[in-house]
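The sequence shown: position 121 = 161 (the UniProt record's numbering), numbered continuously. Yeah, the Cβ is synthetic: ideal placement off N, Cα and C, and Gly gets one too. Please read these numbers as outputs of a predicted model, since none were measured by experiment.
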Amino acid sequence: TGDVTLDTGFVNTASCSSAITFIDGDKGILRYRGYPIEQLAEHSNFLETTYLLIYGKLPTAQEFAAFDAKVRRHTLLHEDLKLFFNGFPRDAHPMPVLSSAVSALSTFYQDSLDPFDPDQVEISTFRLLAKLPTIAAYAYKKSVGQPFLYPDNSLSVTENFLRMTFGFPAEPYELDPVVVKGLDLLLLLHADHEQNCSTSTVRLVGSSQANMFASISAGINALFGPLHGGANQQVLEMLGALHSSGEDPQAFMTKIKNKETNQRLMGFGHRVYKNYDPRASIIKATADEILGKLGADDPLLEIAKRLEEIALADDYFVERRLYPNVDFYTGLIYKAMGFPTRMFTVLFALGRLPGWIAQWREMINDPATKIGRPRQVYIGEAARDYIAMTDR
Ligand code: CMC
């Protein structure tokens, strides 16, 4: 095995070629299909960016209308899939519910599982884009004991998700344009991030020619981890704990950098971004605006800003080039929108879905794709002879 190179955590190993997302971690650049994230954040919307990621170009008005109509048509869940939610404990975290329901889609849609049939891939794409928000809303409804709402296909994906999450069948739901716009922007900012842990998982599972539902279900489980998408929940829990204990942020930071605790400063640091995370810059700029418009005067925002201030002036964080990442401020915005902490990572999954789909499709269509099968450096015993139990 002398011919392999050890690269724990794939720090230097590219696993594929991709034309979807470009990141320059030193310069803080992120582009989807060549378009800077700042321009997309300002001018595009989540659904248009979804189209861009999957098909590689911005849609014309006609293409966008057809795409939007197709996504809207598939929002209903099979009535039997709705029963599925009853099988989970009331206090189930919505992330494993989400991944289980997505995995179960391959039992309901056995007509669209062939990765090499472009029509089947296309219909699976629409089923996933349309149904994930419905599944996510039902996971929430189940956890609070409220009735499920059928989707209303006169609404956009983002609007429909908000209504199914916060609305009640007995009364009309009034959409707040600030929430709709803010959530749409956050979903867009999460839409792809090249070969991160969950996307690599989607590709690795898919490289065995597993279907798209199975591959993306695996990606959702990878995203759940606290060092990946789970960080947005952990950030808010960390800020909440600091607030309720009244601990001095400076003392908390000293404990972290002296490694007196296992805790990291959640929402800080990134494998690729070493100067700043351009998504975090956009989010920080909009956090004040959105929180202001929603009338949310959250003491946790002050704590977050204080932690950031301390970190940016502290050698430990500066030397290690640790800056706020996308998750640092998102939780505060989600909270102001009314989402419980446990839904934060689900929102990340909704945002990342177009990226997972685009990357899975690129992988399946790439003639260079082989089954993912990393090597290892063996460090165990050399060959030795079996010893009879009586002689041990
Ligand atoms: N707080 C304190 N120390 C940190 C942090 C942090 N958030 N992040 C990294 N470090 C330290 C780490 O202890 C190590 O120090 P030392 O050299 O003394 O052992 C050094 O910085 C390098 O860290 P690493 O773990 O080798 O870096 P990595 O590239 O493997 O990890 C990371 C990247 C994002 C997992 C890590 O920075 C981290 O755990 N951050 C907190 C969790 C988080 O916010 N995750 C969300 C990431 S962005 C969105 C997403 O991907 O979902």
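**Study point:** Simplified DSSP assignment, three categories, for Phe86
**Key:** Phe86: helix per DSSP, three-state reduction.
Exercise for review: Using only the heavy atoms of the ligand CMC, determine whether one of them is closer than 8 Å to the beta carbon of Leu279.
Suggested key: No, since every heavy atom of the ligand CMC falls outside the 8 Å radius drawn around the Cβ of Leu279.
Review point. Measuring CB to CB, does Gly65 end up less than 9 Å from His310?
Key: In contact: Gly65 and His310 (Cβ atoms closer than 9 Å).
**Study point:** C-alpha distance - Pro394 paired with Asp355, whole-angstrom precision
**Key:** Whole-angstrom Cα-Cα distance: 38 Å.
Exercise for review: Check Tyr75 in the structure and name its three-state DSSP category.
Suggested key: It is a strand residue.
Practice item. In angstroms with no decimal places, state the Cα-to-Cα distance between Met293 and Glu277. Key: Approximately 16 Å, taken between the alpha carbons.
Review point. Taking the C-alpha atoms as reference points, what is the distance between residue 19 and Met306?
Key: What the structure shows of the chain is the stretch from 41 to 432, and residue 19 is not part of that stretch, so it cannot be assessed.
Check your understanding: CB of Ala353 to nearest heavy atom of the ligand CMC: below 8 Å?
Key -> Of the heavy atoms belonging to the ligand CMC, none sits nearer than 8 Å to the Cβ of Ala353.
Check your understanding: Does DSSP put Leu70 in a helix, a strand or coil?
Key -> DSSP places Leu70 in strand when its eight states are reduced to three.
Review point. What is the chain-ordered set of residues for which the beta carbon lies under 6 Å from any non-hydrogen atom of the ligand CMC?
Key: Sorted by chain position, residues whose beta-carbon lies closer than 6 Å to a non-hydrogen atom of the ligand CMC are Gly49, Asn236, Leu267, His268, Gly269, Ala271, Ile296, Arg304, Leu305, Met306, Gly307, Phe308, Gly309, His310, Arg311, Arg360, Leu362, Asn365, Val366 and Asp367.
Check your understanding: Which term fits Glu82, buried or exposed, when burial requires 16 or more other beta carbons within 10 angstroms of its beta carbon?
Key -> With fewer than 16 other Cβ atoms from the protein chains shown falling within 10 Å of its own Cβ, Glu82 counts as exposed.
Review point. Under a three-way DSSP split, which group does Glu349 fall into?
Key: Helix.
Point to revise | Environment of Asn365 [buried if 16+ CB atoms lie within 10 Å] | key: Buried, by the Cβ-count rule.
Review point. Are there 16 or more other CB atoms within 10 angstroms of the CB of Val242, so buried, or fewer, so exposed?
Key: The residue in question, Val242, is buried, as its Cβ has 16 or more Cβ neighbours within 10 Å.
Review point. Per DSSP, Pro364 forms a beta bridge with which residues?
Key: BP columns for Pro364 point to Phe308.
Exercise for review: Please go through the same chain and pick out, in chain order, the residues whose beta-carbon is closer than 7 Å to the beta-carbon of Ser248, but skip the five residues on each side of it.
Suggested key: Ile411, listed in sequence order.
Practice item. Counting only the same chain and skipping the five closest in sequence on each side, list residues whose C-beta sits under 7 Å from that of Pro191. Key: Closer than 7 Å at the Cβ level, and outside the excluded window around Pro191, lie Thr115, Leu116, Thr174, Asn200 and Met204.
Exercise for review: Rank Leu225, Leu195 and Phe188 by C-alpha distance to the C-alpha of Pro209 and give the top, closest one.
Suggested key: It is Phe188.
Review point. With which residues is Thr241 paired in a DSSP beta bridge?
Key: According to the DSSP secondary-structure assignment, Thr241 is paired through a beta bridge with no residue.
Check your understanding: Where do the N-terminal and C-terminal ends of the alpha helix (DSSP H) with Phe124 fall, by residue?
Key -> Per DSSP, Phe124 is one residue of the alpha helix (DSSP H) stretching across Glu119 to Phe124.
Review point. So what does residue 25 bridge to, in DSSP terms?
Key: The question about residue 25 has no answer, for the chain in this structure spans 41 to 432.
Review point. Quick one, are the C-beta atoms of Phe128 and Lys182 less than 9 Å apart?
Key: The beta carbons of Phe128 and Lys182 sit closer together than 9 Å.
**Study point:** Of the listed residues Asn302, Ala327, Asp317 and Ala271, nearest to Val219 (C-alpha basis)
**Key:** In this structure, Ala327 is the residue among Asn302, Ala327, Asp317 and Ala271 with its C-alpha nearest to the C-alpha of Val219.
Check your understanding: Any idea if Thr426 is buried or exposed, counting beta-carbon neighbours within 10 angstroms, 16 or more meaning buried?
Key -> Here residue 426 turns out to be Tyr, not Thr, going by the sequence shown. Exposed is the label assigned to Tyr426, since fewer than 16 other Cβ atoms lie within 10 Å of its Cβ.
Practice item. Count the other C-beta atoms from every protein chain shown that fall within 10 angstroms of the C-beta of residue 502, then say buried if there are 16 or more, exposed otherwise. Key: Nothing about residue 502 can be read from this structure; the chain reaches only from 41 to 432.
Check your understanding: Expressed to the nearest angstrom, what Euclidean distance is found between the alpha-carbon atoms of Leu87 and Asp108?
Key -> C-alpha separation (whole angstroms): 7 Å.
Exercise for review: Select from Leu138, Val44, Gly207 and Lys345 the residue whose C-alpha is nearest the C-alpha of Leu263.
Suggested key: For the set Leu138, Val44, Gly207 and Lys345, the Cα lying nearest the Cα of Leu263 is the one of Leu138.
Practice item. Could you have a look at Phe62 and say whether DSSP puts it in helix, strand or coil? Key: Of the three classes helix, strand and coil, the one that applies to Phe62 here is strand, per DSSP.
Practice item. Determine the direct distance from the alpha carbon of Phe308 to that of Leu267, and round the result to whole angstroms. Key: Answer to the nearest angstrom: the Cα atoms are 10 Å apart.
Review point. Can we say the segment 401-421 touches the segment 378-393, given the rule of at least three CB pairs closer than 8 Å?
Key: Short answer: they don't touch.
Practice item. Provide the residue span of the alpha helix (DSSP H) that contains Glu158, from first to last. Key: One point to set straight first is that residue 158 is Pro, not Glu, in the sequence displayed. Pro158 -> alpha helix (DSSP H) spans Pro158 to Val184.
**Study point:** Minimum C-alpha distance to Arg113 - residue among Ser196, Thr89 and Val184
**Key:** The option with the nearest alpha carbon to Arg113 is Ser196.
Review point. Among the residues of its own chain, which have a CB less than 7 Å from the CB of Phe148, if the five just before and after it don't count?
Key: So the qualifying residues of the chain are His118 and Leu121.
Review point. Relative to the C-alpha of Ala170, which residue among Leu226, Val417, Asp131 and Ile397 is closest?
Key: With distances taken between CA atoms, Ala170 lies nearest to Ile397 out of Leu226, Val417, Asp131 and Ile397.
Review point. Skipping 5 residues on each side, what residues in its chain have a beta carbon closer than 6 Å to that of Pro414?
Key: Nothing listed; no residue qualifies.
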